[in-house]
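Q:
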Amino acid sequence: MWTVIYIAPNKLIAEKYKKILTDEGMLVQLRPIGSAHLGEHASVEILVPESEAEEAHEIITSAMGS
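What the sequence shown shows, in this note's numbering, is residues 1 to 66, in sequence order.
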């Protein structure tokens, strides 16, 4: 089962965090939320397998601080 670990404000930030997580060997899915007409500016959910959620959240939190 996939779990949302973060909601990025736009696709650019979501892609940045996806790369960080995949570089750590994690499976990552991105799921846009909101209206389709917002395109690149729509918020994006970042999802990982439930078993990796805690570690992924720690990695994202650490990346935000740097």
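Beta carbons: idealized from backbone N, C-alpha and C, even for Gly.
1) Can you give me the start and stop residues for the alpha helix (DSSP H) that L38 sits inside?
2) Only counting the same chain, and skipping five residues up and downstream in sequence, which positions put a Cβ closer than 7 angstroms to that of E52?
3) As a quick exercise: from W2, S62, M1 and L47, pick the residue whose alpha carbon is nearest that of E15.
4) If you reduce the DSSP assignment to three classes, tell me which class I33 lands in.
5) Can you tell me the Cα-Cα spacing of A63 and R31, whole angstroms?
A: By the coordinates alone:
1) Per DSSP, L38 is not a residue of any alpha helix (DSSP H), being assigned neither H nor E.
2) M26
3) L47
4) coil
5) 20 angstroms
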